[in-house]
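There are 2 protein chains.
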Amino acid sequence: METTGRNTEQIILEAAEQEFLLHGFEGTKTTDIANRAGVNHALLHYYYRTKENLFNRIFEQKMQLFGCALVDIFNGSTLPLVEQIVCAAGKHFDFLADNPGMSRLLLTEVLCKPSRMEQLMTHLDKLKEEVLQPMQEALDSEADAGHMARIDAVMLLMNIVQLNICAVVIQPYVQAYADNFGERRHFLALRREENLCIIRKRLAPDSEETKTTATPS
Amino acid sequence: METTGRNTEQIILEAAEQEFLLHGFEGTKTTDIANRAGVNHALLHYYYRTKENLFNRIFEQKMQLFGCALVDIFNGSTLPLVEQIVCAAGKHFDFLADNPGMSRLLLTEVLCKPSRMEQLMTHLDKLKEEVLQPMQEALDSEADAGHMARIDAVMLLMNIVQLNICAVVIQPYVQAYADNFGERRHFLALRREENLCIIRKRLAPDSEETKTTATPS
DNA sequence: GCCTTGTTTAACAACACTGTTAAATACGTC
DNA sequence: GACGTATTTAACAGTGTTGTTAAACAAGGC
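Residue numbers (numbering that gives the first Met the number 0), protein chains in the order written: chain A, 0 to 216; chain B, 0 to 216.
Given below as C-alpha cells:
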C-alpha cells in the first residue's frame, strides 16, 4: 500500500493548502481539512502531528514562491532599464494574479503575526543582494544621464509590490463596490495597465513642474 | 456613584479599543481587556454583554472615521483639479499616519472576514455619490481640455488609498528590512512625498511615449 | 441606618477545537 | 493464511476562552 499511502499524505497536504489559503491559520479547523481531504480527522495527526506543522509547510512554500518570483522576475535583461522594470512589474502582476490565494495568505498572516514577518524577511535577503543593490546603481546612473527620474530602489520596489498585491487582493471587493468593470479578468487587465502606467510615468524624466524626489538621507 | 460609573464604562471601552487595534478581534481575549482596564473580567459582561458588542462599537466607529475622512478630504475646493487631488491625497496620508492602528485593524479584519467588507461598503456609499461622481465629471472635462491624463475616478481613488494605507501599515516592516531610512517620521515623510509624486505624475498630461490609459468599458 | 448602584471574588457551565488512544477493519504481500 | 501497513471508528482528555451566576463588599444618597 505504498502508492496509496503517499497519495493520501499528498491529498491531505493539498486540502490543507486550500483551507489555509481560504481562511488563514486561525480560521481553519483541522476537521475541515480532514473533510476536504475525504479522510478521517485522526489521520491528519497520524501523518503531520500538529496543525502548526501542516501550516508551516504550506506557508514556507508560499514565502519561497513569493521571494523567488521577485528575484527571478526582477533579475536583469538587456532591455533599456525603464522597459526592463515595467516589464518585470507586469510579470509580477501576472504572477500574483495567478496566485491570489498566496497573496491573501501572506498579507493577512504577516499582518496579524509580526513573527511571521521576520520569517518572510529572511526569504527576501537574496532579493536585497541580487536585485536591490545592482538596481540602485543602474537607477542612479540612468538618472545621472537624465534618462529617467531619480528614485530609491526600495521605494520603487515598494511601489510595484504594493500596487500589485493590493490590486489582486481587493479586486473582489472593488468589483462589488463599483459594478462597472465587467468580469474579474477584465478588471484585472485594466488594473494591470493602470499599475504599469503609474510606474512608467513615475520613472519618466522629470518635467519642470513635477519635480519631486524621495531618497533616504 | 454615577460619575465613576460612566468613567469605568468608558475606561473599558478605551481598553478594548487599544487591545483590538493591537491584536484584532480573534487575537484579543476579554480578560486582557479587563486587565488593561484594571477591572474585573466579570465587569466587562456586566456592561457590554458580549465581546462582539464591544468590538462592533469600536469597529463601527473606525469605519465611520475612515469613510468620513475620505469624504471630507476629497470634497472639492477651489484649487485647480490636479492640485486639489494631490493636496487631498496628502491630507489622506496624514490622516492615516496619525491613525496607524485604525488602518491595520480595517485592513486585517476586512481581509479575514468578507462580511465585514460589506459593512465597510455601506459606509462608503456617501463617497460614491458625493465624491466619485462629481470627480469623474471634473476629471473627464480636464482630460478633454488636455490639461491632464485621462483616468477613471475609481482607479484614481484606489491608487491613492492603496498607496497610503500600505505605506502606513507596512512601515515598521520595511524599516526593519531596509535600515537606511532613519526614524519612523522620516521614513513616512519620504513615503508621503513618493506617493504624492506618483499621483502628480500619473495625472500629468500624457507625453508621447507614456500614452496608456485604463478606463472601464 | 437603609437602599441603590457599582464592583469584586470565585466558582462554574458551556463550547469549540486540538490532539490522543485503543480497537476494529481493509488490503496488499509474502 | 499470516503479517504488516494504511485507515476508520469512536470515544475521550486537555485546554483555552467566553459568558453566567451568587454572594459579598464599598460607598454615596436618602
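Beta carbons are placed, not taken as given, at the ideal position from N, Cα and C, and that holds for glycine.
Under 8 Å Cβ-Cβ, which residues of chain B neighbour A/Gly-100?
Position 101 of the first sequence, counted from the start, is the residue given in the question as residue 100 of chain A. Here the premise fails: no neighbours, minimum Cβ distance about 12 Å.
Could you name each continuous alpha helix (DSSP H) segment of 4 residues or more that falls completely within the segment 84 to 131 of chain A, going from the start of the chain to the end?
99 to 111, 113 to 122
Report all residues from its chain with a CB closer than 8 Å to the CB of A/Gly-145; omit the five preceding and five following residues, and keep chain order.
Taking the first residue of the first sequence as 1, we reach residue 145 of chain A at position 146. Pro-204, listed in sequence order.
At a CB distance below 8 Å, what residues from the segment 47 to 78 of chain A approach chain B? Give them in sequence order.
none
So, helix, strand or coil for B/Phe-19, using DSSP?
Counted from its first residue, the second sequence places residue 19 of chain B at position 20. Three-state DSSP puts B/Phe-19 in a helix.
Measure the beta-carbon distance from A/His-40 to A/Thr-49 and round it to whole angstroms, keeping in mind my assumption that it falls under 8 Å.
Position 41 of the first sequence, counted from the start, is the residue given in the question as residue 40 of chain A. Position 50 of the first sequence, counted from the start, is the residue given in the question as residue 49 of chain A. Actually they are not in contact, since the Cβ atoms of A/His-40 and A/Thr-49 sit about 13 Å apart, beyond 8 Å.
Looking at chain B, is there any beta carbon in it that lies within less than 8 Å of the beta carbon of A/Gly-145?
Taking the first residue of the first sequence as position 1, residue 145 of chain A is located at position 146. Chain B has no Cβ within less than 8 Å of the Cβ of A/Gly-145.
Buried or exposed for B/Ala-15, going by 16 or more other Cβ atoms inside 10 Å?
Here residue 15 of chain B corresponds to residue number 16 of the second sequence, with the count starting at 1. By the neighbour-count rule (16 or more Cβ atoms within 10 Å), B/Ala-15 is buried.
Compile a chain-ordered list of the residues in the segment 6 to 30 of chain A whose CB is closer than 9 Å to at least one CB of chain B.
Cβ contacts with chain B come from His-22, Gly-23, Glu-25, Gly-26.
Using a beta-carbon distance below 8 Å, is B/Ile-159 in contact with chain A?
Within the second sequence, the letter at position 160 stands for residue 159 of chain B. Judged by the 8 Å Cβ criterion, B/Ile-159 is not in contact with chain A.
Alpha helix (DSSP H) runs wholly inside the segment 21 to 52 of chain B, at least 4 long, in chain order:
Listed in chain order, they are 29 to 36, 40 to 46.
Around the C-beta of B/Gly-4, are 16 or more other C-beta atoms found within 10 angstroms, so that it is buried, or is it exposed?
Translated into positions along the second sequence, residue 4 of chain B becomes position 5. Model confidence at B/Gly-4 stands at a pLDDT of 47, short of 50, so the residue's coordinates are unreliable; what they give is reported in the following sentence. B/Gly-4 should be labelled exposed.
Residues that B/Met-116 contacts on chain A, provided the C-beta gap is smaller than 7 Å:
On the second sequence, residue 116 of chain B is found 117 positions in, with the first residue counted as 1. What B/Met-116 touches in chain A: Tyr-172.
Count the CB pairs spanning the segment 152 to 164 of chain A and the segment 129 to 138 of chain A that are closer than 8 Å, and state whether there are at least three.
yes
Run through chain A and tell me which residues come within less than 8 Å of B/Thr-107, C-beta to C-beta.
Residue numbering aside, residue 107 of chain B sits at position 108 when the second sequence is read from its first letter. Among the residues of chain A, those whose CB is under 8 Å from the CB of B/Thr-107 are Thr-107, Leu-110, Cys-111, following chain order.
Decide yes or no for the touch test of the segment 175 to 195 of chain B against the segment 182 to 198 of chain A: beta carbon pairs closer than 8 Å, at least 3 of them.
The segment 175 to 195 of chain B makes no contact with the segment 182 to 198 of chain A, as fewer than three CB pairs between them are under 8 Å.
Output needed in chain order: residues of the segment 173 to 187 of chain A with a Cβ under 9 Å from some Cβ in chain B.
Val-173, Ala-175, Tyr-176, Ala-177, Asn-179, Phe-180, Gly-181, His-185, Phe-186
In its own chain, which residues sit with a C-beta less than 7 Å from the C-beta of B/Gly-23, not counting the 5 before and 5 after it?
Numbered from 1 along the second sequence, position 24 holds the residue referred to as residue 23 of chain B. Cβ within range, chain order: Leu-104, Thr-107, Glu-108.
Using the three-state DSSP reduction, which class does A/Ile-197 fall into: helix, strand or coil?
Within the first sequence, the letter at position 198 stands for residue 197 of chain A. A/Ile-197: helix per DSSP, three-state reduction.
Count the other CB atoms within 10 Å of the CB of A/Tyr-176; is the residue buried (16 or more) or exposed (fewer)?
As a first step, residue 176 of chain A is located in the first sequence; it is residue number 177 there, counting from the start. Classification of A/Tyr-176: buried, given that the 10 Å Cβ count is 16 or more.
Own chain partners of A/Asp-31 with C-beta closer than 6 Å, once the 5 adjacent residues on each side are dropped:
In the first sequence, counting from the first residue as 1, residue 31 of chain A sits at position 32. Hits under 6 Å: Glu-18.
Of all the CB atoms in chain A, is at least one closer than 8 Å to the CB of B/Arg-149?
Within the second sequence, residue 149 of chain B is the residue found at index 150, counting from 1. False, the Cβ-Cβ gap to chain A never drops below 8 Å.
Which value, in whole angstroms, describes the spacing of the CA atoms of B/Gln-217 and B/Asn-6?
Given that chain B is displayed from residue 0 to residue 216, the structure contains no residue 217 of chain B and the question cannot be resolved.
Mind listing the chain B neighbours of A/Cys-86? Cutoff is C-beta to C-beta under 7 Å, in chain order.
Numbered from 1 along the first sequence, position 87 holds the residue referred to as residue 86 of chain A. Ordered by position in chain B, no residue passes the 7 Å Cβ test against A/Cys-86, which lies about 14 Å from the chain.
Quick check on the DSSP output: the alpha helix (DSSP H) that includes B/Met-154 runs from which residue to which?
Position 155 of the second sequence, counted from the first residue, corresponds to residue 154 of chain B. Segment 152 to 176, the alpha helix (DSSP H) holding B/Met-154.
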